[in-house]
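See below for the structure under consideration.
Protein chains in written order, with the numbering used here: chain S, 1 to 131; chain Z, 1001 to 1131; chain C, 2001 to 2131; chain D, 3001 to 3131.
Structure follows, in structure tokens:
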């Protein structure tokens, strides 16, 4: 299992006329969090692509429990439990130094051969890094 | 029940180094589709906010079944079955004149009093327009 | 010379806590306008890339004269005067059926060989289409 | 005069089918850089708005000298020379530990009274902080 916490300062461009984060931007935070989690595990995504595999998103779910405001400093915790052809990754967003989960979600990636656009087994290094 | 189909031309800015639509932008298409669906039903969202109610997104799920490419002309069908405090809206994305559903999803909105940030009952005009 | 007017409905995701369009999104409108202008001229950008040339942006300037609001229906007029190694394209944004220019700008593209990442002369079809 | 350097890791969502940063996202980096520059100077933008003044962008220019790639770690230097009704801010983007300026630009903000949507003189604290 792999966990990682990514910090993010909420930007003006991410906030809408309600004065809160517009819902789509949270998926950007999730991308940053899993990218840094993989780097930390010795698997920078850039190297994954260089090795001839791509990892598109096949499913995403986000639940918005409470509003996040402009200039909030949030922590995006991501957790990877295991790896198959699919890699589900779970996320929880909290305000720094607070316990309440403001947003939670899961984004599932898939290992794909970019030439044939077909799912493939995960590279061995992935299994090792996450076990 | 209310259904509406919104057309969208895939833009360069929406495509990633894999040469396909980056997953987050699909939520933007869903926003455009439901906004036009509500306008068609005589309920422009701008008027909803002017009447003192906001409709934040409380949950979103997207499933990516197949790739969508740069310059594709897609049709985003949205369907609103009914209205309570929550308004779940379903979406299906197809390439124009094709049957395959490339992407499907659900985005659930909620009627909220912006002052108290509390859920409220749907305005009567909503019930009428959608029945 | 080539002129083209692209219509755009301002989306919620484009508006910020000031209740107006956040400045970066205007460049997205410019992209849509020039893409449709080129298509109209028989030069869809997808075909340009397929012919082995890319057209990155080398310079962009935008001037914001007045606010644009949520749900406004705007017209983005784009104008291509001529074509060299660089292609400067001018834009003016107006609210539909109004005369005031709310936003103006110029985005300059360049013809580039993607292998060598070097500027190249414009394809002959471009010169013909724009003269 | 005020200078500040903001670090940014280039994200997948920011890159286009050419494999490089799509031009619009650079304006997001500029926003992050000036926001942190103002915070460092004791003028968090959130407090500026709370004091009854907004600072919309009135003009933006960006020049793209060289490509920036996925996963690059860039440094965005911003420089504020002085403050009048308008606040021009200059930016230079470099790859970490490299000298070449890859992108440069200027974004000009304006002090505005949000009620009357009229320019106003800069608050005294701004003059002090930047002198």
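Ideal placement from N, C-alpha and C gives every residue a C-beta, glycine not left out.
Look up residue i in the DSSP assignment and give the residues it is bridged to.
| i | result |
| --- | --- |
| residue 96 of chain S | According to DSSP, residue 96 of chain S bridges with nothing at all. |
| residue 2021 of chain C | C/2015 |
| residue 3077 of chain D | D/3005, D/3092 |
| residue 3064 of chain D | D/3103 |
| residue 59 of chain S | S/108, Z/1063 |
| residue 3054 of chain D | D/3112 |
| residue 2030 of chain C | Beta-bridge pairing links residue 2030 of chain C to no other residue. |
| residue 2118 of chain C | C/2113 |
Can you tell me which of the three DSSP states residue i falls into?
| i | result |
| --- | --- |
| residue 1048 of chain Z | helix |
| residue 2112 of chain C | strand |
| residue 8 of chain S | strand |
| residue 1035 of chain Z | helix |
| residue 85 of chain S | coil |
| residue 2106 of chain C | strand |
| residue 3127 of chain D | helix |
Can you find a C-beta in chain D that's less than 8 Å from the C-beta of residue i?
| i | result |
| --- | --- |
| residue 1013 of chain Z | yes |
| residue 1113 of chain Z | no |
| residue 2067 of chain C | yes |
Is any beta-carbon of chain S found at less than 8 Å from that of residue i?
| i | result |
| --- | --- |
| residue 3090 of chain D | no |
| residue 3028 of chain D | yes |
| residue 1064 of chain Z | yes |
| residue 3098 of chain D | no |
| residue 3050 of chain D | no |
| residue 3070 of chain D | yes |
| residue 3037 of chain D | no |
| residue 1054 of chain Z | yes |
| residue 3044 of chain D | yes |
| residue 2024 of chain C | yes |
Under a CB-based cut-off of 8 Å, is residue i close to chain C?
| i | result |
| --- | --- |
| residue 3 of chain S | no |
Please report whether the beta-carbon of residue i lies at a distance below 8 Å from any beta-carbon of chain Z.
| i | result |
| --- | --- |
| residue 58 of chain S | yes |
| residue 6 of chain S | no |
| residue 2129 of chain C | no |
Give the residues of chain S in contact with residue i, contact being defined as C-beta atoms less than 8 Å apart.
| i | result |
| --- | --- |
| residue 2016 of chain C | 12, 13, 15, 16, 17 |
| residue 3040 of chain D | Simply none; closest approach about 13 Å. |
Under 7 Å from any heavy atom of the ligand MN, does the C-beta of residue i make it?
| i | result |
| --- | --- |
| residue 99 of chain S | Of the ligands one can find in the structure shown there are none, so the ligand MN has no counterpart to examine. |
So which residues on chain Z does residue i lean against when the C-beta distance must stay under 8 Å?
| i | result |
| --- | --- |
| residue 2075 of chain C | Result: empty, since nearest Cβ-Cβ is about 17 Å, beyond 8 Å. |
Can you pull the chain C neighbours of residue i, defined as C-beta to C-beta under 8 Å?
| i | result |
| --- | --- |
| residue 3117 of chain D | 2067 |
Which chain Z residues sit within Cβ distance under 7 Å of residue i?
| i | result |
| --- | --- |
| residue 2032 of chain C | 1011 |
Could you work out which residues of chain S lie near residue i, taking near to mean beta carbons separated by less than 7 Å?
| i | result |
| --- | --- |
| residue 2108 of chain C | Here the premise fails: no neighbours, minimum Cβ distance about 24 Å. |
* Counting pairs of beta carbons, one from the segment 3101 to 3108 of chain D and one from the segment 3053 to 3067 of chain D, are three or more of them closer than 8 Å? -> yes
* To do: Take every Cβ of the segment 2 to 11 of chain S, pair it with every Cβ of the segment 1040 to 1052 of chain Z, and state whether three or more of those distances are shorter than 8 Å.
  => no
* Touching or not, the segment 50 to 59 of chain S and the segment 3024 to 3035 of chain D, by the rule of three or more beta carbon pairs under 8 Å? -> no
* **Meets three-Cβ-pair contact criterion under 8 Å: the segment 2119 to 2127 of chain C and the segment 1116 to 1123 of chain Z** => no
* Inspect the CB distances between the segment 1090 to 1099 of chain Z and the segment 2011 to 2020 of chain C and report whether three or more fall short of 8 Å. => no
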